[in-house]
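Residue numbers (the numbering used here), protein chains in the order written: chain L, -8 to 103; chain S, 35 to 147. Here is the structure we will look at.
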């Protein structure tokens, strides 16, 4: 049972344009959401997070939007840069915060 | 800030052999510790997590086990490896509680042959 879903395995975006990565979740107990970026053969690096009391969090080029009623979140990257090419993972945890569940990831290709 | 060390970085093991992957954390105390595996098409699969010494929660039935002999040490083991155990294993550490952000080590590549 996949509680965190990233339905797009890959996404290609022109350099300088906006990249939008989507994530859906099924567990209504989730109240904290995170995005990680991963290069091949490296550990994921934390990008940005959002608590369920907010609907938007922004950090530089990265913005995460949360739609609790739709159980959907998205990561926007503006403008997209070549170094953004990587696999992006969405993750979620419930109130206790002990268990963090990841999606399968979306591979982002930034085209020159 | 915390630093997570994992070793070995790369491992090639025959089927049926034992496994021991070690993870240690610096820069924090009493962390939550995690073992994840990245296998093809499966994303980051949570294998085990620990909220304290000797406290291990297993998420996926398998022939792997985990132990936490010290506050900042987390070990992943197997008595007999299967081909399906091949993958990229990641240790992570977090503060636990609400708003828990976890940070990852560099990973260990395991190939079972």
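Every residue gets a Cβ at the ideal spot worked out from N, C-alpha and C, and that includes glycine.
ask   = Just to confirm, are residue 84 of chain S and residue 98 of chain S a CB contact at a threshold of 8 Å?
value = Contact flag unset, no.
inquiry  = Does any residue of chain A have a CB that is nearer than 8 Å to the CB of residue 124 of chain S?
reply    = Included in the structure are the protein chains L and S, with no chain A among them.
ask   = Comparing the C-beta of residue 41 of chain L with each C-beta of chain S, is any distance below 8 Å?
value = No, no contact with chain S.
query = Buried or exposed: residue 27 of chain L, going by 16 or more other Cβ atoms within 10 Å of its Cβ?
reply = Within a 10 Å sphere around the beta-carbon of residue 27 of chain L sit 16 or more other beta-carbons, which makes this residue buried.
inquiry  = As an exercise, report each continuous beta strand (DSSP E) stretch of at least 3 residues that is fully enclosed by the region 50 to 77 of chain L, in chain order.
reply    = Entirely contained in the region 50 to 77 of chain L, the beta strand (DSSP E) runs reaching 3 residues are, in chain order, 53 to 58 and 63 to 68.
request  = Report the neighbours of residue 85 of chain S on chain L: residues whose CB is nearer than 8 Å to its CB, in chain order.
outcome  = Neighbours of residue 85 of chain S in chain L, taken as residues whose beta carbon is under 8 Å from its own, are 89 in chain order.
query = Smallest Cα separation from residue 20 of chain L: which of L:95, L:-2 and L:87?
reply = Checking every option, the nearest Cα to that of residue 20 of chain L belongs to L:87.
request  = Please name the residue, chosen from S:69, S:57 and S:89, that lies closest to residue 107 of chain S on a Cα-to-Cα basis.
outcome  = Here the closest residue by C-alpha is S:57.
message = Below 8 Å on C-beta distance, what does residue 34 of chain S contact in chain L?
response = Within the shown structure, residues of chain S are numbered from 35 to 147, placing residue 34 of chain S beyond reach of any answer.
key: Neighbouring residues, chain S, relative to residue 28 of chain L (Cβ below 8 Å)   = In chain order: nothing, as chain S lies at least about 11 Å away.
Outcome for residue 103 of chain S when other beta-carbon atoms lying within 10 angstroms are tallied against a minimum of 16 = Label assigned to residue 103 of chain S: exposed.
ask   = What's the gap between the Cα of residue 46 of chain S and the Cα of residue 91 of chain L?
value = Approximately 29 Å, taken between the alpha carbons.
ask   = Between which two residues does the beta strand (DSSP E) harbouring residue 49 of chain S extend?
value = Going by DSSP, residue 49 of chain S is part of no beta strand (DSSP E) at all; its letter is neither H nor E.
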